Amino acid sequence: MWRVLGAGLLGALLGGGAVWAARTGAEAPPPVEAPVAARPVAIPQGPSAPPPEVGCPEDETESAEAPVPQYWADGKTVACPEDCLNRIVETILNGRPDIAEVRAAMQLSDSIAAAIEADSNLRRLFLQRLSGLREDGERAAALGTIATNGSRELRLDASDILLQSSLDASRALGVTLALYDLGEDPRAKSAVERVLLRETDGPAVTRLLQSVFMIEPETLSPNALTAIRSMAETSRDPAIQTSAITAYAQLTDGSPEAIALIERGLRADDPERRVASLYMLQQFVPIGDRAELFEQYERYDDTAKAVADDPNASINARLEALFWLEMRSQSVTDEVLSYSGSSGIIVE
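Residues -21 to -1, 1 to 327 in mature numbering (1 follows the signal peptide of the UniProt record, and there is no 0) are what the sequence shown spells out, letter by letter.
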């Protein structure tokens, strides 16, 4: 099944800053030029002498201490031992963290999540802080990053709380957290389907539709898929309608019903919508053989030409239409050459 892959998703979904991880390397030891002769070991002799001890060096892996967490600040790597980590956790949960502390917390989110889950009181306080969020900001981004890097149980507990929030960003984050475990846990599926079945607009729905690449079709119920199709057909929000059409096409693997929904966009009054529909068709409608190429795509090219020549269309829409035509021109050339080669026709 066709899938859109994305990278770097979480940073865009959370609304937080980038997370850096500084790594240091150690110089390799100088090469040994010649083997070092082994020093003879005296072995006691006689009937009472114990047998020689045969041992091996102590396992350094088992005896080594856990590495100290690090984060990047002011152009350098900063070590954050236990007392430092405890201070940051305390500030994030109970204090007024400044921007530097928030950035440190986001980079140390793995270690902070582990510390929170190891202490039932800290875990309860963490979920209370998520529930009490009243504005989107750096602290909210830090809490969201910590929840993301926690265990499945912590993520889903956080998701349940955030989806009950009146804060738009919190609800969107709640969807993101549920999507991580959608194919693994019934709670995640229940959370996602509640959004699809009860809401028709808003940030939670938008985030869900835009994250459809994280969803396997078999994890959704028929009712949830019907809800997505309904939004694709009837939503009055152009952004949600476009996202719903794309989501439905992906989840149904470019079904005829989905293609019909996309083609409706070619007749929209909005040039931006028409261009968006062209690119969706390029994803889901195979060009096929040479005859299909010219018959099926000719009307798509006409739409692109109309937008490119429309003085009332935005610059962005006109440029996108021109780019479509350029790609189509190359596609036609490739298809003609392919067809002529397979049929024995020589194209000058």
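Ideal Cβ positions, reconstructed from N, Cα and C, are used throughout, including at glycine. Keep in mind that this is a model prediction, so the values were computed, not measured.
query                                                                                                                                                                          : result
Cβ atoms of leucine 112 and serine 144: under 8 angstroms apart, would you say?                                                                                                : yes
Please return the same chain residues whose Cβ sits closer than 7 angstroms to the Cβ of aspartate 136, not counting the five positions on each side in sequence.              : Leu106
Here's the rule I'm using: 16 or more other beta-carbon atoms within 10 Å means buried, otherwise exposed. How should glycine 244 be labelled?                                 : buried
Based on Cα-Cα distance, which residue from Thr179, Ala126, Arg177, Gly181 lies nearest to alanine 157?                                                                        : Ala126
Between the beta-carbon of glutamate 163 and the beta-carbon of serine 130, is there less than 8 angstroms?                                                                    : no
Would you kindly work out how many angstroms separate the C-alpha atoms of alanine 170 and leucine 176, rounded to a whole number?                                             : 10 angstroms
Alpha carbon to alpha carbon, what distance is there between proline 165 and arginine 208?                                                                                     : 23 angstroms
Does DSSP put glutamine 261 in a helix, a strand or coil?                                                                                                                      : helix
Does DSSP put alanine 45 in a helix, in a strand, or in coil?                                                                                                                  : coil
What's the call for proline 8, buried or exposed, on a 16-neighbour Cβ count within 10 Å?                                                                                      : Caution is warranted here: a pLDDT of 43 is assigned to proline 8, below 50, making its placement in the model unreliable, and no coordinate value can be reported.
Verify whether the separation of the beta carbon atoms of isoleucine 140 and serine 110 is less than 8 angstroms.                                                              : yes
Alpha carbon to alpha carbon, how far is glutamate 305 from arginine 278?                                                                                                      : 15 angstroms
Are the beta-carbon atoms of isoleucine 219 and threonine 185 separated by less than 8 angstroms?                                                                              : yes
Does alanine 292 come out as helix, strand or coil in the three-state DSSP assignment?                                                                                         : coil
For valine 47, which residues from the same chain have a beta carbon less than 6 angstroms from its beta carbon, with the 5 sequence-adjacent residues on both sides left out? : Ala58, Pro60
Among Glu197, Leu204, Phe192, whose alpha-carbon lies nearest the alpha-carbon of arginine 173?                                                                                : Leu204
Let's see if you can read the secondary structure: which residues bound the alpha helix (DSSP H) around alanine 58?                                                            : Taken as a continuous stretch (DSSP letters only), alanine 58 belongs to no alpha helix (DSSP H), being part of the beta strand (DSSP E) at 55 to 58.
Got a sec? Which residues, its chain only, sit under 6 angstroms from leucine 199 by beta carbon, not counting five neighbours each side?                                      : none
Name the residue from Ala83, Lys284, Asn202 whose alpha carbon lies nearest to the alpha carbon of arginine 66.                                                                : Ala83
Taking its Cβ as the centre, do 16 or more other Cβ atoms sit within 10 Å of asparagine 291, making it buried, or is it exposed?                                               : exposed
Do you know how far the Cα of arginine 150 is from the Cα of residue 366?                                                                                                      : Missing from the structure shown is residue 366; the chain here goes from -21 to 327 and no further.
Measure the C-alpha to C-alpha separation of glutamine 309 and aspartate 280 and round it to an integer number of angstroms.                                                   : 13 angstroms
Applying the criterion that 16 or more other CB atoms from any shown protein chain within 10 Å of the CB defines a buried residue, is threonine 56 buried or exposed?          : exposed
Please name the residue in Glu132, Tyr159, Ala183, Lys168 whose C-alpha comes closest to that of leucine 142.                                                                  : Ala183
Expressed to the nearest angstrom, what Euclidean distance is found between the alpha-carbon atoms of leucine -17 and tyrosine 227?                                            : Per-residue confidence for leucine -17 stands at a pLDDT of 33, beneath the threshold of 50, marking its modelled position as unreliable; the derived number appears in the next sentence. In a straight line, the C-alpha of leucine -17 is about 16 angstroms away from that of tyrosine 227.
How many angstroms separate the CA atom of tryptophan 51 from the CA atom of alanine 79?                                                                                       : 10 angstroms
Should glycine 123 and serine 138 be called a contact, given that it needs their Cβ atoms to be closer than 8 angstroms?                                                       : no
Look at the alpha carbon of phenylalanine 263 and the alpha carbon of aspartate 248, and state the distance between them as a whole number of angstroms.                       : 22 angstroms
Name, in chain order, the residues that DSSP records as bridge partners for tryptophan 303.                                                                                    : Tryptophan 303 is not bridged to any residue.
Going by DSSP, name the residue or residues bridged to alanine 52.                                                                                                             : Lys55
Ignoring anything shorter than 4 residues, give me the alpha helix (DSSP H) runs that lie fully in the region 85 to 129, in order along the chain.                             : 88 to 96, 99 to 110, 117 to 127
Could you check which residue in Val68, Gln229, Ser90 has the C-alpha nearest to that of leucine 104?                                                                          : Val68
Who are the near neighbours of leucine 188 in its chain, counting only those whose CB is closer than 6 angstroms to its CB and skipping five residues on each side?            : Ser222, Ala223, Ala226
Helix, strand or coil: which one does DSSP assign to serine 308?                                                                                                               : helix
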